[in-house]
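Numbering-wise (this note's numbering), the sequence shown opens with residue 10 and increments by one.
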Amino acid sequence: MREIVLSLAEIGCAGELAEIAASSDFCAKWSGADFESEIDNKFARIYTALCGMETVGFAAFRFCGEEAELTNFAVKARYRRRGVGGMLLAKCIESASAEGVKRLTLEVNAANCAAIALYEKFKFNTVNVRKKFYNNSQDAFLMLREI
Ligand SMILES: CC(C)(COP(=O)(O)OP(=O)(O)OC[C@H]1O[C@@H](n2cnc3c(N)ncnc32)[C@H](O)[C@@H]1OP(=O)(O)O)[C@@H](O)C(=O)NCCC(=O)NCCS
10 MREIVLSLAE
20 IGCAGELAEI
30 AASSDFCAKW
40 SGADFESEID
50 NKFARIYTAL
60 CGMETVGFAA
70 FRFCGEEAEL
80 TNFAVKARYR
90 RRGVGGMLLA
100 KCIESASAEG
110 VKRLTLEVNA
120 ANCAAIALYE
130 KFKFNTVNVR
140 KKFYNNSQDA
150 FLMLREI
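Here's what the structure looks like:
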């Protein structure tokens with residue numbers, strides 16, 4: 010795999026990000042317009058992972074004071090298990106910290122073993138369980154990491 014380069018998302022890549030979201034289980038199905046508005050939001054950051062000219066993943070968070078929430082996150086299926094998700098998550102933690110954030114939270118489907126394993130590797134702890142949160146059937150874990 011070529012070198013992965015992380016950068017802040019620009020409006021022009023919103024459509025590509027929406028395609029990655031549409032083709033990934035478990036992430037939020039933001040449209041191109043949703044990505045554009047998030048890229049424009051001064052209290053939000055979206056980082057993209059590029060492999061050559063190809064966008065292969067993204068991670069988004071919103072922040073307010075000392076709190077931030079990871080709002081959307083996906084890596085293209087054929088680029089998974091190569092460290093890209095970890096790089097994106099580390100970048101979000103570093104960037105949130107630079108904004109003065111002290112606590113990063115996220116919500117994850119309890120059936121999403123891959124993401125939960127990644128979050129636990131990054132020292133997120135489950136602090137709450139929202140029963141039947143998704144489609145009135147699957148539970149959500151609320152996870153938190155002190156930065
Ligand atoms: C979650 C996701 C972003 C992880 O991206 P990734 O690039 O595969 O992650 P990495 O390669 O950096 O994995 C880092 C670590 O996470 C854990 N992990 C990742 N995928 C895993 C899997 N399928 N099974 C078990 N552990 C896994 C491992 O500890 C892994 O380290 P290792 O490869 O050295 O064992 C990716 O699986 C994805 O896009 N899933 C669909 C969308 C999604 O679930 N988003 C999160 C919504 S809350």
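Built from N, CA and C at the ideal position, the CB exists for glycine as well.
Predicted, not measured: the structure shown is a model, and the values here were computed from it.
Answer yes or no: do residue i and residue j have a C-beta to C-beta separation smaller than 9 Å?
| i | j | result |
| --- | --- | --- |
| T64 | C122 | no |
| F72 | A105 | yes |
| I13 | V117 | no |
| A86 | Y56 | no |
| T80 | E47 | yes |
| R154 | T114 | yes |
| A68 | E108 | no |
Applying the 10 Å Cβ sphere with the 16-neighbour rule, what's the burial state of residue i?
| i | result |
| --- | --- |
| M10 | exposed |
| K100 | buried |
| M152 | buried |
| V110 | buried |
| N138 | For clarity, residue 138 is Val in the given sequence; the question names Asn instead. Under this definition V138 is an exposed residue. |
| A162 | Only positions 10 to 156 of the chain appear in this structure, which leaves residue 162 out of reach. |
Would you mind working out which of the options sits nearest residue i, comparing C-alpha positions?
| i | options | result |
| --- | --- | --- |
| M62 | R91, Y128, E25 | E25 |
| F133 | A86, G95, K141 | G95 |
| A27 | L15, I20, S40, S16 | S40 |
| K51 | F70, F35, Y88 | F70 |
| R90 | A37, R54, G66 | G66 |
| V136 | K130, F142, F150, E129 | F150 |
| K141 | A120, A42, C36 | A120 |
Starting from residue i and walking both ways along the alpha helix (DSSP H), at which residues does that stretch end?
| i | result |
| --- | --- |
| I1 | Since the first and last residues shown for the chain are 10 and 156, residue 1 lies out of range. |
| K85 | Neither: K85 is in no alpha helix (DSSP H) and is coded neither H nor E. |
| V93 | 93 to 107 |
| K132 | Taken as a continuous stretch (DSSP letters only), K132 belongs to no alpha helix (DSSP H), as it is neither H nor E. |
Since residue i sits in a beta bridge, which residues does DSSP pair it with?
| i | result |
| --- | --- |
| L115 | M152 |
| T80 | For T80, which the question treats as bridged, DSSP gives no partner whatsoever. |
| V14 | L59 |
| F72 | A77 |
| G41 | According to DSSP, G41 bridges with nothing at all. |
| V110 | Paired residues: none, contrary to the question. |
| V138 | F150 |
| F67 | T57, A83 |
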